[in-house]
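Visitor: Residue numbers (the working numbering): 684 to 1278.
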């Protein structure tokens, strides 16, 4: 079986069988029996409103959840000022913790049941850095449709103020959203500050290891929602360049429209940067800027600010964001960015602000993250209500493979994975007698491009039923589940097999699920040769000898003090009823949940 996300639990109901479970991941199979277009599939939802995170997220540096209790791993973290208010550097051993990890940010709700929190990348203290990464691969096959809310507000360094030796301050820095190759290990963001957690960063005035900061591992696309406006620049910090053997910046053929000086940044811009890794790459791709005749530095054409620097309530700074990556055969996707600037507005197609056609194909899987930072200039940076879906309609598909395993009966008698090496039984490799145990393996696989939930596996002939909570996207990890069951050959099954031309006991397993209201299913059978059932009552003589054969219209019961006698239809009916009663007792279903 294939599993798309984690299996929350598998409920197994078995009649006359014992069952076991094995979870694996394997390459995608060919399409299953039912595999048709449906609706876009949700890959991930996380609203960040509560006190805890989805297990596959990792908080970085000072980031935390505003609704998490202080002192817990999920709570926002304290930082330290790196400079005095006059702008002089503070020696490392003299830096002290700031007074609050939530300055200017929403307080924790007094009622734990209130889900009104946020992901806090930074509060509005100086020198704060924070991020979150999702280090589990998700599929890109159906394109990506990503929506979230961002909040940049409540600056302590308003436009024009004198701060830390700066004659004119500005809200800062911004929020970075980045997508990386799903094969990369994503445990940290790239450089903070002007690189917004995505690209590399070079400091020409520093020395040693402090001179360079790496970009995010396996970077594919970085999107900077850049209040201060440095992310658009290549020069000054070597974004889009590479590190030389002498620790200098090699910047060749810069595509950035911004100038090379510190004052050439372009505030209030959305900028895209392309693939990179470590100290190399992350080239400029596109930005929401336009050239003005006679002016060297471009200006932003966004209709409004991406934040609200004067606001103290995050609701007044709400910006809804949508990012889509639409696949294009043989090349990279088309990237589109949408922003709804009205706090109470509705995000629509009319909110489109930027389009770029990438040339490097999307990786088969991706991971992602957010980052934000403050330095000499500040803002509160929050994220909320993230959802990632496929952009194009999903194509569900499911497949089941059933095998009778060639193992000794006692190797799988517990119903778990066989204790001996197991291979699918070759046709005719073994003949079963009445009361012999057959070991079955059911492998259910997701052959589509979307998660499947509530799959039911049944094998009515042996009284087997199992429910799988979810089955993951192929290639996304845990996309195959293997179940095991044992069945003891009964006399009536041997008799049925004897009446077939092949002399085999055949039973069929079926998996069924629904997606978008439509049913999807697949079936597979397994057959084993069965020896004919005994047709006589054995005597105490040599093995296989019979005293008499049963008549056609009855069953043989032992006579008391004499030879066996035939029993008529009435007694036969009573015996049949008794047999059925006992069979029901033996085959009563039990429920077993495996986690």
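Backbone N, C-alpha and C define an ideal beta-carbon position, used for all residues, glycine too.
With DSSP as the reference, please indicate the residues paired to residue 745 in a beta bridge.
Guide: Answer by DSSP bridge pairing: none, since residue 745 is not bridged.
Visitor: According to DSSP, is residue 1179 helix, strand or coil?
Guide: helix
Visitor: Is it the case that the Cβ atoms of residue 1078 and residue 1121 are separated by a distance below 7 Å?
Guide: no
Visitor: Smallest Cα separation from residue 897: which of 910, 745, 932, 906?
Guide: 932
Visitor: Kindly list the residues whose CB is nearer than 8 Å to the CB of residue 1187, restricted to its own chain and excluding five residues on each side of it in sequence; keep chain order.
Guide: 1180, 1210, 1211, 1212, 1213
Visitor: Using DSSP with H/G/I as helix, E/B as strand and the rest coil, what is residue 1171?
Guide: strand
Visitor: On the criterion of 16 or more Cβ atoms from any shown chain inside 10 Å, does residue 737 qualify as buried, or is it exposed?
Guide: Label assigned to residue 737: exposed.
Visitor: Measure the Cβ-Cβ separation of residue 853 and residue 955 and say whether it is below 7 Å.
Guide: no
Visitor: Using a Cβ-Cβ cut-off of 8 Å (strictly less than) and excluding sequence neighbours within five positions of residue 895, which residues of its own chain qualify?
Guide: 883, 884, 885, 886, 926, 930, 962
Visitor: In the DSSP assignment, what are the bridge partners of residue 1144?
Guide: Answer by DSSP bridge pairing: none, since residue 1144 is not bridged.
Visitor: Over the uninterrupted beta strand (DSSP E) stretch that includes residue 1035, give me the two end residues.
Guide: 1035 to 1040
Visitor: Tell me whether residue 962, by its Cβ, gets closer than 6 Å to a heavy atom of the ligand FMN.
Guide: This structure lacks the ligand FMN; in fact it carries no ligand of any kind.
Visitor: Note down the Cα distance separating residue 760 from residue 750, rounded to an integer number of angstroms.
Guide: 13 Å
Visitor: Tell me whether the region 963 to 975 and the region 1044 to 1057 touch, counting them as touching only if at least three CB pairs, one residue from each stretch, are closer than 8 Å.
Guide: When C-beta atoms of the region 963 to 975 are compared with those of the region 1044 to 1057, fewer than three pairs fall below 8 Å, so the two segments do not count as touching.
Visitor: Take every Cβ of the region 828 to 836, pair it with every Cβ of the region 870 to 879, and state whether three or more of those distances are shorter than 8 Å.
Guide: no
Visitor: In whole angstroms, what separates the C-alpha of residue 1057 from that of residue 909?
Guide: 12 Å
Visitor: Have a look at 1031, 1010, 980 and flag the residue whose alpha-carbon is nearest the alpha-carbon of residue 1003.
Guide: 1031
Visitor: Could you check what DSSP says for residue 1094 in three-state terms: helix, strand or coil?
Guide: helix
Visitor: Since residue 915 sits in a beta bridge, which residues does DSSP pair it with?
Guide: Paired residue(s): none; residue 915 is not in a bridge.
Visitor: Starting from the Cα of residue 821, find the closest Cα among 1018, 863, 1026 and give me that residue.
Guide: 863
Visitor: Specify, as a first and last residue, the run of the beta strand (DSSP E) that residue 1002 falls within.
Guide: 1001 to 1009
Visitor: Rounded to a whole number of angstroms, what is the C-alpha to C-alpha distance between residue 774 and residue 1060?
Guide: Distance between the alpha carbons of residue 774 and residue 1060: 20 Å.
Visitor: Beta carbon of residue 1069, beta carbon of residue 1125: below 7 Å?
Guide: no
Visitor: Residue 903 and residue 966: beta carbons closer than 7 Å?
Guide: no
Visitor: Here's the rule: buried if 16 or more other CB atoms are within 10 angstroms of the residue's CB, otherwise exposed. What is residue 1064?
Guide: Here residue 1064 is buried: its Cβ has 16 or more other Cβ atoms, across all protein chains shown, within 10 Å.
Visitor: For residue 997, which of helix, strand or coil comes out of DSSP?
Guide: helix
Visitor: Is residue 1194 near residue 1156, with beta carbons less than 7 Å apart?
Guide: In this structure, residue 1194 lies away from residue 1156, with their beta-carbon atoms at least 7 Å apart.
Visitor: Along the beta strand (DSSP E) that carries residue 1201, what are the first and last residues, could you check?
Guide: Where residue 1201 is concerned, the enclosing beta strand (DSSP E) stretches over 1201 to 1212.
Visitor: Tell me, to the nearest whole angstrom, how far the beta carbon of residue 816 is from that of residue 870; I am working on the premise that it is less than 8 Å.
Guide: With a Cβ gap of about 7 Å, residue 816 and residue 870 count as contacting.
Visitor: Classify residue 1261 as buried or exposed, calling it buried when 16 or more other Cβ atoms lie within 10 Å of its own Cβ.
Guide: With a pLDDT of 43 at residue 1261, under the threshold of 50, the modelled position of that residue is not reliable, and no figure is offered here.
Visitor: What is the residue span of the beta strand (DSSP E) that residue 1122 lies within?
Guide: 1120 to 1129
Visitor: Going by CA-CA distance only, name the one from 788, 785, 823 that's closest to residue 724.
Guide: 823
Visitor: Relative to the C-alpha of residue 993, which candidate in 810, 1018, 1162, 838 has its C-alpha closest?
Guide: 838
Visitor: Helix, strand or coil for residue 1276, going by three-state DSSP, please let me know.
Guide: Low confidence applies to residue 1276: its pLDDT is 36, below 50, so where it sits in the model is not reliable enough to give any reading.
Visitor: In its own chain, which residues sit with a C-beta less than 6 Å from the C-beta of residue 986, not counting the 5 before and 5 after it?
Guide: none
Visitor: If contacts are defined as beta-carbon pairs under 8 Å, then residue 1279 and residue 813 qualify, I think. What distance do you get, rounded to the angstrom?
Guide: The question about residue 1279 has no answer here: the residues shown for the chain are numbered 684 through 1278.
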